[in-house]
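So the structure is just underneath, and the comments pick up after that.
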Amino acid sequence: MLRWFILAIMALCVSLSLPLKAHAWKDITVGDARQTSDCLNETPSDECVTKTGRYVRTNTGTETGTVPVRLLLRRNLPQDQFDALMRKYGMIEGKYHEWFVNAGDKDYYKRAMTLQGLTALDGKTVLLPAEFTRVLPLSDRVALVRTVKNNWYFATLGPGETTLTELTHPWDDLQWFSGNEPKRPFMVMLRQYGETKEDLRSYTILDGDGEAAYTVSGVIPNTHGTDDYFTFYAGYIGFPVRVDASEFSVIFNMITLELEKMGPVFDILDVGYALTEKWDDNKYDKKYYPFQKIGEMPSGKGLLSTDIFEPIDVGNAEPHPLTDPKATRGMVPLRLPGQIDGIRGWLMVYANATDQWYKLIMHAPKTDEYHADKLGRWDELTPSSVRVYLWEPNEYLPLADIWIGTISDETHKALFANANPKDIPPPSYRVAARFFESPRQLSAGGVTDWYLIGSEPSAENFQKIYDTRSMRASHPDNPQALATPELIAEMKKEWQAKAAYREYIETPWEVQVARAQAEQERTLLAAADSAISGGYGIDFNGDFYYIARTKGGKYLQAYWNKYHQLPRSADAYDICRRFGSSSMECSLVYAWADNISQGQREAARRDADRYSQKQFNQGYKPEYRPPMSEPRCYQTGAKTETCFYN
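Right, dumping it as structure tokens:
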């Protein structure tokens, strides 16, 4: 304990250095607040006192050590007040646009810029006038403020005149917390980076007077896309720290800003959604939880990490071991390389005096509605959910060994050496496992060879593979060799599909139409050849007739031999135009078509004669109709003219 205390003194060097990232009040405007109904009713339209307050530290003796304040917002100040404010903070009139946007005028800034201040809980007692572009309250005495000229100051709060003290310490980044509840009041930290993003960082925690309560040096940067620190529900903030070769954590009380305790170093891991059946990353958002590393497992598990973790309680910052069942040792995160981020499953590690075994959890159990309700939810794989799943001892088969992986990099490069990079698919994955012959006896009952589980690592599928293992292929010692042929086949199929789709997208429409027509014609020709050789399938007015009419030759001859006519006599003239009047095709069908035409003309003449005779017999005389308009007459010579009526 003395050693940890000495290390803590080395890490918590009190200094005045300052660090910008928001966890609370942001650049909120009057319009934003009114749109969300967050303004007290009695405030004017160009002002707002927010309904939602923030808790800040106080030394007035309250039970919680905190007191709430409200944000005061103003916009569209009277012109004289606006000009006075600009001059007060060094903004030269006529040069406003140089500080805000590239173009505009003074009236635009006056109307658009929202200024911030603070009031007491009653909404009437002004603690800080609304003349700053950002206000971060440290207590009911002091706030960190940003002026219209983008300078940061410490400002005094209260009924008297506001006093500003310039922030002169170097800083890279501001971090602050919202103060939504009394046990976690508004807090500002100043962060300084190292020379690279991998270097250790320092955080200075500001107290209620703007002084440095602590500077935590040697903070380990988080590599999983979240903050370097974690805030706990009990009102603590913790930092993982490295001093020389030692790593540990320091936990501070967010009200008193005192060092609460120290403990083992933790890492903040990114827990994602469970994967779909195709192992697609269909949901991208993640939740973050603290874990401490407690050991390592043997290598040879494929993509699985060798680090074994146990959760840290998000309430009180204490280690929260997985003790049910008692043989539970810890949990190993499953991550997939490439585009899928976050932890997508857990390998639970168990051990007793003689054995070590595993259970893979990538989905909630489906045994009852209580567990199945977690399927697809954001908390399906969170530490608290996994802890509950372990209460079902018979749900997940114990595994003697497990492997999750894909083809090797060398095989992948050789497989797609000449492929278009746009067509190369992401890796496919497979799970393989070795079972205990008797799950109750563990290794005492014997261990099986490796069996391929596939890409569905559900508890039900593990049980199915185990029950039918006698009918399945296995490998005595190499899961990679067992999975590679299936992985290659799947990735080749996906590559071919991606290549075909890319070619389709990149091919002009006219070319696609021509290809489709050519393919259709090849299909019809093959069917026509089959019909000729088989003696059936020569339809009267279908696909075969289309080939006979357009290709002629043996196809038209076979058609004519069967029917001695065409569906339409007009097709004969089309055939003659297509193949020529002296062609075999034309001579085959022209006489028939000409006879048809002569018969049609003779029939039409007879019909006309019958109609004329009928009209004559009925004494039909057409009704006289005068011309619709005056005639148009033209001189045709020799004093004659010809007239036309419309």
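When you line the sequence shown up against mature numbering (1 follows the signal peptide of the UniProt record, and there is no 0), it's residues -22 to -1, 1 to 624, in that order.
Yeah, the Cβ is synthetic: ideal placement off N, Cα and C, and Gly gets one too.
Output the boundary residues of the alpha helix (DSSP H) element that contains residue i.
i	result
Cys564	562 to 595
Trp324	Premise fails: Trp324 lies in the beta strand (DSSP E), 324 to 329, not in any alpha helix (DSSP H).
Pro457	457 to 484
Thr528	521 to 529
Cys554	548 to 557
Pro361	361 to 367
Met240	No alpha helix (DSSP H) holds Met240; the beta strand (DSSP E) holding it covers 237 to 241.
Leu63	57 to 66
Ile443	437 to 445
Which residues share a DSSP beta bridge with residue i?
i	result
Arg408	Gly383
Val123	Val113, Tyr131
Phe226	Val219
Glu288	Gln270
Ser452	Tyr429
Met309	Phe287, Met326
Thr209	Ile215
Val47	Arg32
Gly280	Ile382
Gln535	BP columns for Gln535 are empty, so no partner.
Asn231	Tyr214
Thr193	Thr182
Just the Cα atoms here: how many angstroms apart are residue i and residue j?
i	j	result
Tyr207	Arg313	22 Å
Asp100	Glu159	18 Å
Val120	Asp150	22 Å
Pro253	Ala451	Note on identity: in this sequence residue 253 is Leu, with Pro being the wrong assignment. Cα-Cα distance, rounded: 26 Å.
Ala548	Ala571	7 Å
Asp521	Ser508	12 Å
Met275	Arg162	38 Å
His202	Asp177	15 Å
Val249	Lys265	5 Å
Asp319	Tyr479	26 Å
Ser511	Asn573	32 Å
Leu534	Arg583	33 Å
Ile272	Gln441	30 Å
Pro457	Trp381	7 Å
Asn398	Trp473	10 Å
Phe226	Gln334	28 Å
Lys304	Ile466	41 Å
His1	Asp205	Note that His1 scores 33 on pLDDT, short of 50, meaning its location in the model is unreliable; the coordinates nonetheless yield the value given after this. Their backbone Cα atoms lie some 11 Å apart in a straight line.
Glu464	Met232	54 Å
Arg408	Val219	37 Å
Ser283	Val310	6 Å
residue 713	Lys239	Here the chain covers residues -22 to 624 and nothing more, so residue 713 does not appear.
Ala331	Gln419	13 Å
Phe413	Tyr336	10 Å
Val292	Ser156	18 Å
Arg48	Asp24	17 Å
Val491	Pro404	32 Å
Arg546	Leu393	57 Å
residue 627	Asn200	Outside the shown range of the chain (-22 to 624) lies residue 627, about which nothing can therefore be said.
Val27	Ser117	18 Å
Ile517	Gly530	According to the sequence provided, residue 517 is Asp. The question's Ile does not apply to it. Using only the alpha carbons, I get a separation of about 15 Å.
Ala62	Gly68	10 Å
To the nearest whole angstrom, what separates the beta carbons of residue i and residue j, a pair I think is in contact under 8 Å?
i	j	result
Val45	Phe164	Not really, about 11 Å apart at Cβ, beyond 8 Å.
Leu106	Thr140	6 Å
Ile431	Ala410	6 Å
Phe217	Leu247	With a Cβ gap of about 16 Å, Phe217 and Leu247 do not count as contacting.
Pro297	Ile290	6 Å
Leu184	Leu135	About 15 Å separates the two Cβ atoms, so there is no contact after all.
Gly383	Leu460	Actually they do not touch by this definition, with Cβ atoms about 11 Å apart.
Ala550	Tyr524	So it is not a contact: roughly 15 Å between Cβ atoms.
Val243	Leu237	That pair is no contact at about 16 Å.
Tyr267	Phe230	With 8 Å as the limit, Tyr267 and Phe230 do not qualify as a contact, their Cβ atoms being about 19 Å apart.
Asp16	Lys29	5 Å
Along the beta strand (DSSP E) that carries residue i, what are the first and last residues, could you check?
i	result
Thr180	Residue identity check: residue 180 is Ser in the sequence provided, not Thr. 179 to 184 is the extent of the beta strand (DSSP E) around Ser180.
Lys29	25 to 35
Gly9	Per DSSP, Gly9 belongs to no beta strand (DSSP E); it is in the alpha helix (DSSP H), 8 to 13.
residue 635	In this structure the chain extends from -22 to 624, so residue 635 is not present and cannot be described.
Does the ligand ATP have a heavy atom nearer than 7 Å to the CB of residue i?
i	result
Asp351	As presented, the structure is devoid of all ligands, the ligand ATP included, so that no description of it is given.
Please determine if the stretch 125 to 145 and the stretch 96 to 112 are in contact, where contact requires at least 3 C-beta pairs separated by less than 8 Å.
Between the stretch 125 to 145 and the stretch 96 to 112 there are three or more C-beta pairs closer than 8 Å, enough to call the two in contact.
Mind the definition here: the stretch 325 to 345 touches the stretch 372 to 383 only if three or more C-beta pairs lie below 8 Å; say whether that holds.
A contact exists between the stretch 325 to 345 and the stretch 372 to 383.
Whether or not the stretch 333 to 353 and the stretch 361 to 370 are in contact is what I'm after, with contact meaning three or more pairs of Cβ atoms, one per stretch, closer than 8 Å; do they touch?
Yes, the stretch 361 to 370 is in contact with the stretch 333 to 353.
Do the stretch 553 to 561 and the stretch 575 to 591 touch if we need at least three Cβ pairs shorter than 8 Å?
No: fewer than three Cβ pairs fall under 8 Å.
Using a Cβ distance threshold of 8 Å, determine whether the stretch 423 to 436 contacts the stretch 452 to 461, with at least three qualifying pairs required.
Touching, yes.
Take every Cβ of the stretch 44 to 59, pair it with every Cβ of the stretch 177 to 191, and state whether three or more of those distances are shorter than 8 Å.
No, they do not touch.
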